[in-house]
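Contents: one structure, followed by commentary.
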Amino acid sequence: MESFDFFRHDGSSIENEYQNNKSEYLGVIFSGLGYSYKNPLLYYSRKIILENKIDYFGLDFGYSKNRDFLALSRESRIEFFENDNKFIIDKILELSGRYKKIIMIGKSLGVSTIRQCIKQDLIRIKSAMVLLTPSNEWDYFIDEINDLENRALIVGSLNDKLYSVKNLPQLYKKKNILVYELKTGDHSLEKDDAIEDIEQLKAIMKTIKKFIIKTVKSWKREPDLPPLLEDLTAS
């Protein structure tokens, strides 16, 4: 697997990996604050992308291991993240020019990066999204998603205060959005029971795999039209 030399203004690097499967579609994975593409939800999402012969690009901001970042104030951390997003969006714009369509998968903080990416028309018009456990900006993002026709799968736990916001029900009515919710579970969609966590992870991965396969089929059939919810959920 390849990687690119991504260096911030301060000289620190952004870990990444890329695999070219000679596809016309690209799968992009954005990490969370301390949740990388080596952790279960993103690791197996990556496997699904690769199993379906889609080109793959993964990014890990590595904040939980960056001492300089951790030493910053909250305001400075936000500024640091915003600067990273500007840098990453430029790279996604550059890379996306090679592809007809993009599937973006983000976990927590990675959902915030997806939010910034789709503000760029050149990315938005060709993108589908998998949003795993959205975080602090979620209520604002919901209002924006409500005005979009992009295909999206949203996965969260109703027991996660960051996910269960007042305007969440707006998304249940959208025909281009599939919502998969847990009644219990933390921000990593786990319950502190190994067997239950594995079973739930399997169910989530089945849902993501189904969404990706049906989205790609829809692109091939009608590349410029969003699918109906029935198309996303049909077996």
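Going left to right, the sequence shown walks through residues 70 to 304 as this note's numbering numbers them. We treat Cβ as the ideally placed atom computed from N, Cα and C, and that holds for glycine.
Neighbour-count burial assignment, residue i, 16 or more Cβ in a 10 Å radius
i: L301; result: Low confidence applies to L301: its pLDDT is 48, below 50, so where it sits in the model is not reliable enough to give any reading.
i: A221; result: buried
i: P203; result: buried
i: R290; result: exposed
i: R184; result: buried
i: A303; result: Caution is warranted here: a pLDDT of 47 is assigned to A303, below 50, making its placement in the model unreliable, and the coordinate value is therefore given only provisionally. With fewer than 16 other Cβ atoms within 10 Å, it is exposed.
i: A197; result: buried
i: L139; result: exposed
i: R143; result: exposed
i: T23; result: Since the first residue of the chain shown is 70 and the last is 304, residue 23 is not available in this structure.
i: L297; result: Note that L297 has pLDDT 47, beneath the 50 cutoff, so the model's placement of it is unreliable and no number is given.
i: I118; result: buried
i: V180; result: buried
Pair within 8 Å by beta-carbon distance, residue i and residue j
i: I171; j: S165; result: yes
i: S81; j: N135; result: yes
i: F126; j: L95; result: yes
i: S72; j: N85; result: yes
i: S226; j: L258; result: yes
i: F322; j: R77; result: Nothing in the structure corresponds to residue 322, since the chain is present only between 70 and 304.
i: I123; j: L111; result: no
i: L201; j: V234; result: no
i: Y106; j: D129; result: yes
i: C186; j: I211; result: no
i: D229; j: D255; result: yes
i: N121; j: I281; result: yes
For residue i, the nearest candidate out of the options (CA to CA)
i: N205; options: G101, H78 and N85; result: G101
i: Y113; options: L200, I147, M198 and I277; result: I277
i: V285; options: K271, M70 and S92; result: S92
i: I194; options: I147, Y209 and Y168; result: Y168
i: L231; options: D208, Y132 and G131; result: D208
i: Y132; options: A263, G103, K271 and D229; result: G103
i: K243; options: A263, G254 and D216; result: D216
i: I192; options: S181, G179, V180 and M173; result: M173
8 Å contact criterion, which residue i and residue j should meet: CB distance rounded
i: N245; j: E218; result: 6 Å
i: D266; j: K260; result: 6 Å
i: Q269; j: L251; result: 7 Å
i: I273; j: Y249; result: 7 Å
Residues that DSSP places opposite residue i in a beta bridge
i: K271; result: Beta-bridge pairing links K271 to no other residue.
i: F150; result: In the DSSP output, where bridge partners are listed per residue, F150 has none listed.
i: L196; result: Checking the sequence, you will find Ser at residue 196 rather than Leu. BP columns for S196 point to I171.
i: Q88; result: Y125
i: L95; result: D124 and I171
i: E71; result: Y87
Interface flag, residue i vs chain B, CB-CB below 8 Å
i: L178; result: In the displayed structure, chain B is absent; only one protein chain is listed.
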